Amino acid sequence: KAGVTQTPRYLIKTRGQQVTLSCSPISGHRSVSWYQQTPGQGLQFLFEYFSETQRNKGNFPGRFSGRQFSNSRSEMNVSTLELGDSALYLCASSPGLTTSSYEQYFGPGTRLTVT
Amino acid sequence: AQSVTQLDSHVSVSEGTPVLLRCNYSSSYSPSLFWYVQHPNKGLQLLLKYTSAATLVKGINGFEAEFKKSETSFHLTKPSAHMSDAAEYFCVVSGPRGAQKLVFGQGTRLTINP
């Protein structure tokens with residue numbers, strides 16, 4: 001099976017702009033989670049989507065949003081970019097069933113730089 | 001709520017010597033625990049997982065970890081380090097069954113000296 005793919009891999013934006021990142025999960029996986037990785041804060045959970053619904057949410061401002069499509073692909077949007085949003089954004093997928101706790105499989109990430 | 005503490009931010013060992021990366025966890029539920037590895041400019045790769053079965057868990061590339069409930073620990077070990085093991089390692093706890101939110105430790109950078 002193909003792994004988790006993320007596009008684009010690298011992105012440079014200016015403060016105040018918005019950005020959309022894309023994630024395609026492993027075939028058959030219905031859960032997609034997003035994480036932000038920075039040197040200062042480490043890896044932090046943003047949100048999780050399952051069957052087109054946000055099921056879990058982390059402690060990030062409303063500028064961070066996401067959605068999931070019927071084919072399980074997910075997008076993450078950040079509006080009004082700030083310098084502190086510069087980070088590696090990682091997407092992870094899993095089967096997502098509530099009957100057990102599954103490991104998550106990560107994509108290579110999108111490196112976002114805000115100038 | 002769950003949390004993870006990785007006791008060492010940096011570990012340096014010589015090639016061929018044992019590796020020990022220490023992790024303590026806190027969880028309100030019976031936890032699922034994982035170790036992930038991240039090589040430079042790469043995504044995260046799952047090394048191994050504990051999900052309430054055997055307390056000694058074997059993973060890929062010769063790594064293993066032991067779940068000790070009394071000590072709330074989940075230390076990662078490898079008998080003999082290879083140069084290719086140099087990377088960042090993350091101890092991770094997940095929520096109750098079905099919750100897909102992972103909580104990461106701050107990471108341990110492993111350096112292998114020739």
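From first to last, the protein sequence lines stand for chains V and U. Numbering-wise (our numbering), the first sequence opens with residue 1 and increments by one. Numbering-wise (our numbering), the second sequence opens with residue 1 and increments by one. Think of the CB as a built atom: it goes at the ideal place given N, C-alpha and C, for glycine as much as any other residue. Predicted, not measured: the structure shown is a model, and the values here were computed from it.
Worksheet item: Where does I26/V fall in DSSP's three states?
Response: On the first sequence, position 26 is the one that residue 26/V refers to. DSSP places I26/V in coil when its eight states are reduced to three.
Discussion item. Taking 6 Å as the limit between beta carbons, can you name the residues of its chain near T20/V, skipping five residues before and five after?
Written reply: One-based indexing of the first sequence puts residue 20/V at position 20. Excluding positions up to five away in sequence, the list reads E75, N77.
Fill in: Contact set between the stretch 31-53 of chain V and chain U, restricted to residues whose Cβ is under 7 Å from the partner
S31, S33, G42, L43, F45, E48
Practice prompt. Taking only runs that begin and end inside the stretch 30-69 of chain V, name each unbroken beta strand (DSSP E) of 3 or more residues, in chain order.
Written response: 31-38, 42-50, 53-57, 64-68
Worksheet item: What are the boundary residues of the beta strand (DSSP E) that includes K69/U?
Response: Counted from its first residue, the second sequence places residue 69/U at position 69. Segment: none, K69/U is in no beta strand (DSSP E) and carries neither H nor E.
Worksheet entry | Q37/V versus P25/V: straight-line alpha-carbon distance, rounded | Translated into the one-based positions of the first sequence, residue 37/V becomes position 37. Translated into the one-based positions of the first sequence, residue 25/V becomes position 25. Computed Cα separation, rounded: 19 Å.
Worksheet entry | Candidates Q17/V, G40/V, Y89/V, F50/V, of which the one nearest S9/U by Cα | Residue numbering aside, residue 9/U sits at position 9 when the second sequence is read from its first letter. Residue G40/V is the option with its Cα nearest to S9/U.
Worksheet item: Leaving out five residues before and five after L88/V in sequence, what residues of the same chain have Cβ atoms less than 6 Å from its Cβ?
Response: As a first step, residue 88/V must be located in the first sequence, where it is residue number 88. Once the five neighbours on either side are set aside, the close Cβ partners of L88/V are Q37, G109, R111.
Worksheet item: Between Q2/U and chain V, is there a C-beta pair that is closer than 8 Å?
Response: The count along the second sequence starts at 1 and reaches residue 2/U at position 2. Not an interface residue.
Worksheet item: When you compare only the Cα positions, how much space is there between G66/V and L11/V?
Response: In the first sequence, counting from the first residue as 1, residue 66/V sits at position 66. In the first sequence, counting from the first residue as 1, residue 11/V sits at position 11. Their Cα atoms are separated by approximately 18 Å.
Worksheet item: At least one CB of chain U closer than 8 Å to the CB of L81/V: is that the case?
Response: Walking along the first sequence from the start, residue 81/V turns up at place 81. L81/V does not count as touching chain U.
Worksheet item: Is DSSP giving S9/U helix, strand or coil here?
Response: One-based indexing of the second sequence puts residue 9/U at position 9. In this structure, S9/U counts as coil in the three-state DSSP scheme.
Practice prompt. Taking 8 Å as the cut-off, decide whether the C-beta atoms of Q18/V and S72/V are in contact.
Written response: Residue numbering aside, residue 18/V sits at position 18 when the first sequence is read from its first letter. Residue numbering aside, residue 72/V sits at position 72 when the first sequence is read from its first letter. No.
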